[in-house]
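Below is one structure; the comments refer to it alone.
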Amino acid sequence: MKAGVPTLLDLLEKAGVKGTFYLSMGPDNAGKAIFNVFQRPGFFSKMRRTKAARVYGLRTLLSGTLLPARMIATALPEVARRIVAEGHEAGVHAWDHRRWQDQLENLSEAQVARELARAFEAFVEVFGAPPKTFAAPAWFASDASLSFQENLGLDYASDCRGEEPFIPIVGGAALVTPQIPTTLPTLDEALGDTHSVARAFFTSVAVAAGKARWPVLTVHAELEGGPFADDLTWFLEQAAEADIRVTTLRELLTARCGTGKPLPRRTMGHGTVPGRHGKVSMPVVG
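To convert, count from 1 in the sequence shown and add 49; that's our numbering.
See below:
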């Protein structure tokens, strides 16, 4: 976050566009991901394919295991506040990203509530106001997390993959908080270790975004704010030339609601997406 977020802010400013940032507020336990080598098929191949040591750095890969876990957004309040100061939207991503991603299915309702509460409390400490949006780590939500979010005063959440904004249904009942899913693939799902691969990826994403009605692209500070910053800059230039408007998720939802058509209601389920190990949340269509 210390280097990646400022880089993203700089290139977004240069492009003259705004975005929505989701912040992990608590400890960086990224090193604990190593245990997925034994528990999740495809994890090791992904780490090898994305050249994780080069992209994330040895300090991050050992954080929470051989090295102490460092705090993320709460340790860098000046970087976090710069997001809002420059006109972008900020929301909560997690307290402990690794714990949520790896253990959510086994957490009790009380434990889920505590994870969310700690993250939201930390957000208030940094920004002086509660967040109005949340995005689940690794696009993975549960009935417990979705239900508890109803008590948090959110305007919307982005907890899943999908094709368009929708109203989630949990336990047969429609929730109040709409979901804005990530619709496009992410760089780490396609990545080898070359800029030619990244450029080809962003070329395909630009084409897909131009065809989609409500496209949402997720980028990561450690990738597009790191070694692939120039490739994201190139994508933003291509988007501008193609008259693809880059904006915040809030503005996208406002535009969608402005069509006068009600958001579809969808039961939230789980599935897989190419290039990503493990399950992600997604609406069940049909």
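Glycine included, each C-beta is placed from N, C-alpha and C at the ideal position. Remember, predicted model here, so these are calculated numbers, not experimental data.
- According to the DSSP secondary-structure assignment, Phe70 is paired through a beta bridge with Ala139.
- Exclusion of the five residues before and after Thr226 leaves Gln198, Glu199, Leu203, Tyr205 and Ala206 as the residues of its chain whose Cβ lies within less than 7 Å of its Cβ.
- Between the alpha carbons of Asp208 and Gln228 lies a gap of roughly 7 Å.
- Distance from the CA of Ala249 to the CA of Glu271, rounded to the nearest whole angstrom, comes to 19 Å.
- The region 143-153 makes no contact with the region 174-181, as fewer than three CB pairs between them are under 8 Å.
- DSSP places Thr316 outside any alpha helix (DSSP H); the residue lies instead in the beta strand (DSSP E), whose first and last residues are Arg314 to Gly320.
- By the C-beta criterion, the region 150-164 is judged not to be in contact with the region 134-141, since fewer than 3 inter-stretch pairs fall below 8 Å.
- Taken through DSSP and simplified to helix, strand or coil, Pro126 comes out as helix.
- Straight-line measurement puts the Cα of Trp283 at about 43 Å from the Cα of Glu158.
- Across the set Thr231, Leu224, Val219 and Ser196, the C-alpha of Thr231 shows the shortest separation from the C-alpha of Ala187.
- DSSP places Val161 inside the alpha helix (DSSP H), whose first and last residues are Glu158 to Phe176.
- Beyond the five residues adjoining it in sequence on each side, Val333 comes within less than 8 Å, by CB distance, of Arg315, Thr316, Met317 and Gly318 in the same chain, given in chain order.
- When secondary structure is reduced to three states using DSSP, Arg119 falls in the strand class.
- The beta carbon of Pro323 sits closer than 8 Å to those of Pro234 and Glu238, all from its chain and outside the five residues before and after it, given in chain order.
- Distance from the CA of Pro76 to the CA of Ala190, rounded to the nearest whole angstrom, comes to 20 Å.
- Where Val225 is concerned, there is no enclosing alpha helix (DSSP H), because DSSP gives it neither an H nor an E.
- Classified as buried, Val54 has 16 or more neighbouring CB atoms from the shown chains inside 10 Å of its CB.
- Apart from the 5 residues on each side of it in sequence, Arg299 sits with its Cβ closer than 6 Å to the Cβ of Glu138 in its chain, given in chain order.
- In this structure, the alpha-carbon of Asp292 lies about 21 Å from that of Gly136.
- The C-beta separation of Val128 from Met50 comes to about 6 Å, placing the pair in contact by the 8 Å criterion.
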